[in-house]
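Scroll down for the structure; my scribbles are underneath it.
In my numbering, the protein residues as written are 6 to 570.
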């Protein structure tokens, strides 16, 4: 690799550094070394030596460097152009200072601000413009079991065009026996601009430990375009159940909902399996009626009254809803049906783009799709062969398709550990093993969530942040339950950029049609809007709930593009 390519690779790493290196100290040292090496005069042996040293400073760069170098000169240039489109907007950070220890029953104090420079504990914000008069950033604090917020949990700070915002002090109190598991107790601060999440930062305090410096895990939200009409529904644990907070452009409505019993959640899933398989009804009108009844029940029971009322006020102008949670709340949020009369008799996911986000995960604003890999075991449902062929046709010759599809556990594990694809499409049968994990039935055994652990620890998918489309159907063409909370969390924590999968029963033929429509809409729309259009285009056949079953984990505005020169 010559000096020109080394310079481009260094500039690309500098642009992608927040997504590649999680440790802020390592990131700062690598960033300084890259900046210094790029300042060296061109065409000199010293410049080449310093560039190579900066690109090999820490072992966590090895995987990223190998994948980017494999793109070649033109591929690196295209990545660099996409990664630097927001460079004109100065970086901002969600920063916190606090004690890392709390006595039983004692208090934890957390000082929070939006800063121009990264502190010891900071999360890089998604770029947002700050006009001369400043901009308002909304801060929201949520506590995990073992801590309770003491005083206000919601505050607005004014961020000036130049300089830091004022610091705001949040307080929490430790609740002995409050349901926390062994280990530190945690709380998370979220920052919003115009209702759009721009960063989150999780702080931890050891119970009984000496008070000291902050411990934190941070996750910035990568770049996306400004868009009006964005709502965020934050779901957080609460001793009485869970707390819902609806955030929009500087205001918030919230309330607490009692625990939804596990048997109720399972009853909902069984109900949906019955509808998808056609067991409950053969009359399409009656099946749709029951589905609407279920959506209204969830609307009334899963959301507190203040949140429902504010939701109804904002829905007419809403374009996107992001459901932000810790991935433990397994309710089918896409099935929410607002009370008829305000927006018509339509499910929420049929009116606006509904996205999910897991606390602490990073999501790219763009996924460049060049390499597509497929999982298709021998006993996959009928129709999935045609599904794979249709995906090949829609993506076209601008994408390298791996043939044949992977059918063995070892092949899939090797591919995920290598992280050398931009799309992983799974067309298969997912089954729940009693007292175990979900698993995909492969030719040589079961591929399960546990097989992602090494990829999670190595963040092997982070350099290319691929799209994962998990389209799992039953082998007899009927319905199956696919618990996407485990699969989605696993792939996202391994570094996936977006995840699409079903959260309840799906019908094989309808699932294939949904996949075809989604890929057809992706070139023209962002992931959320493409999913909304795919739901509507797939339609409702015989009360089949499949189009509403898909959960999409992505940032609002994330786009997937392919066929680039």
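Ideal Cβ placement from N, Cα and C applies to all residues, glycine included.
Close-in-space but distant-in-sequence residues of the same chain around residue 25 (CB under 6 Å, 5 per side omitted): 69
Report the start-end ranges of each alpha helix (DSSP H) in the region 508 to 542 that is 4 residues or longer and not cut off at the edges. 513 to 526
Assuming residue 374 and residue 564 make a contact with CB atoms under 8 Å, what is their CB distance in whole Å? Going by Cβ atoms, the distance from residue 374 to residue 564 rounds to 10 Å, so no, they are not a contact pair.
Is there contact here, the region 56 to 71 with the region 172 to 179, by at least three beta-carbon pairs under 8 Å? no
Residues bridged to residue 104 (per DSSP): Paired residue(s): none; residue 104 is not in a bridge.
Which residues mark the beginning and the end of the alpha helix (DSSP H) in which residue 297 is found? 289 to 307
For residue 410, tell me which candidate among 400, 123, 81 and 429 has the shortest Cα-Cα distance. 429
Sort out for me which residues DSSP pairs residue 130 with in a bridge. None; residue 130 has no bridge partner.
Beta carbon of residue 494, beta carbon of residue 467: below 8 Å? no
Tell me the residue span of the alpha helix (DSSP H) that contains residue 463. 458 to 463
Span of the alpha helix (DSSP H) around residue 423: 414 to 423
Is it the case that the region 391 to 398 contacts the region 417 to 434, given that we only count it when at least three CB pairs across the two stretches are under 8 Å? yes
To the nearest angstrom, report how far apart residue 376 and residue 201 are at their CA atoms. 31 Å
Taking one C-beta from the region 445 to 458 and one from the region 412 to 424 each time, how about it: are there three or more such pairs within less than 8 Å? yes
Contact between the region 205 to 214 and the region 134 to 141 is defined here as three or more beta-carbon pairs at a separation below 8 Å; is this criterion met? no
Could you give the distance in angstroms between the alpha-carbon of residue 77 and the alpha-carbon of residue 10? 8 Å
Is it the case that the CB of residue 22 approaches a heavy atom of the ligand GTP more closely than 7 Å? Summarising the ligand content, the structure contains no ligands, and the ligand GTP is consequently not present.
Who are residue 379's beta bridge partners in DSSP? 430
Is the distance from the Cβ of residue 328 to the Cβ of residue 240 below 8 Å? yes
For the candidate residues 280, 389, 246 and 102, whose alpha-carbon lies nearest to that of residue 208? 102
Residue 460 to residue 71, Cα distance in whole Å? 16 Å
Which residues bound the beta strand (DSSP E) around residue 1? The requested residue 1 does not occur in the structure, where the chain is confined to residues 6 to 570.
Are residue 52 and residue 45 closer than 8 Å when you measure CB to CB? yes
For residue 107 and residue 311, I'd like the C-alpha separation in whole angstroms. 33 Å
Would you mind sorting residue 41 into buried or exposed? The rule is 16 or more other CB atoms within 10 Å of its CB. exposed
Local conformation of residue 371 per DSSP, three classes: strand
I need the straight-line Cα distance from residue 324 to residue 531, nearest angstrom please. 12 Å
Short of 6 Å in beta carbon distance, which residues of its chain neighbour residue 397, apart from the five on each side in sequence? Order them along the chain. 406
Can you look up residue 25 in the DSSP assignment and give me helix, strand or coil? helix
What number of angstroms, rounded off, separates the C-alpha of residue 222 from the C-alpha of residue 206? Residue confidence for residue 222 is low, a pLDDT of 41 falling below 50, so the modelled location carries little weight; the figure read from the coordinates is stated next. So the alpha carbons of these two residues sit roughly 6 Å apart.
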